[in-house]
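See below for the structure under consideration.
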Amino acid sequence: MEGTFEKNYSFSKRLSESKNIINKYKNRIPVIVERHKDSQLPIGDKCKYLVPKDMNISQFIYFIRRTIQLEKVQTLFITINKQLIGSNKTMIDTYEEHKSDDGFLYVVYTNENTFG
3 MEGTFEKNYS FSKRLSESKN IINKYKNRIP VIVERHKDSQ LPIGDKCKYL
53 VPKDMNISQF IYFIRRTIQL EKVQTLFITI NKQLIGSNKT MIDTYEEHKS
103 DDGFLYVVYT NENTFG
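According to this note's numbering, the residues represented by the sequence shown are 3 to 118, in order.
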């Protein structure tokens, strides 16, 4: 699941799906979560999530930690467009600033700060 969503689905299919999601779920945003190719962390069971707009980044990180069943002692970093995002930003603010042209927000997680 390491960066495969964009490779596995055409742009038009991804765009259509994100528009349908946004129209159907007004208070949620479509997010793709994938593991960085060099990370040693577990791969999640799925990559597509509908995330509440008012969730902040720190809550989202906690959600990812639970989803991949990360040990408390393990470090987790998330990047969006190869940037670390402030933990107090809301998902909707992050989405509006960083969403892809296909309407999804792409989040990459890793156990190392590989972009800083």
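Think of the CB as a built atom: it goes at the ideal place given N, C-alpha and C, for glycine as much as any other residue. Quick caveat, the model's predicted, so the values are computed rather than measured.
Going by the CB atoms, is the gap between residue j and residue i shorter than 8 Å?
i: Ile63; j: Leu78; result: yes
i: Ile87; j: Leu107; result: no
i: Leu52; j: Tyr27; result: yes
i: Phe13; j: Glu36; result: no
i: Lys2; j: Gly105; result: Because the chain in this structure spans residues 3 to 118, residue 2 falls outside the shown range and cannot be described.
Using C-beta distances below 6 Å, list every residue in its chain close to residue i, excluding the 5 sequence neighbours before and after it, in chain order.
i: Thr69; result: Gly46
i: His38; result: Val110 and Thr112
Residue i by DSSP, collapsed to three states: which one?
i: Phe106; result: coil
i: Tyr111; result: strand
i: Lys21; result: helix
i: Thr6; result: coil
i: Ile31; result: strand
i: Gly118; result: A caution first: Gly118 carries a pLDDT of 48, below 50, which makes its placement in the model unreliable, though a value can still be read off. Three-state result, Gly118: coil.
i: Tyr64; result: helix
i: Tyr11; result: coil
i: Lys74; result: coil
i: Ile94; result: helix
i: Lys84; result: coil
Find the nearest neighbour of residue i within the set the options, judged by alpha-carbon distance.
i: Gln61; options: Thr6, Asn22, Ile80 and Leu43; result: Ile80
i: Val75; options: Glu98, Glu36 and Leu43; result: Leu43
i: Ile66; options: Lys55, Lys48 and Ser20; result: Lys48
Once the 5 residues before and after residue i are set aside, which same chain residues still bring their CB inside 7 Å of it?
i: Glu99; result: none
i: Ser102; result: Tyr108
Only counting the same chain, and skipping five residues up and downstream in sequence, which positions put a Cβ closer than 8 Å to that of residue i?
i: Asn58; result: Ser89, Asn90, Lys91, Thr92 and Met93
Q) Touching or not, the segment 18 to 36 and the segment 90 to 104, by the rule of three or more beta carbon pairs under 8 Å? A) yes
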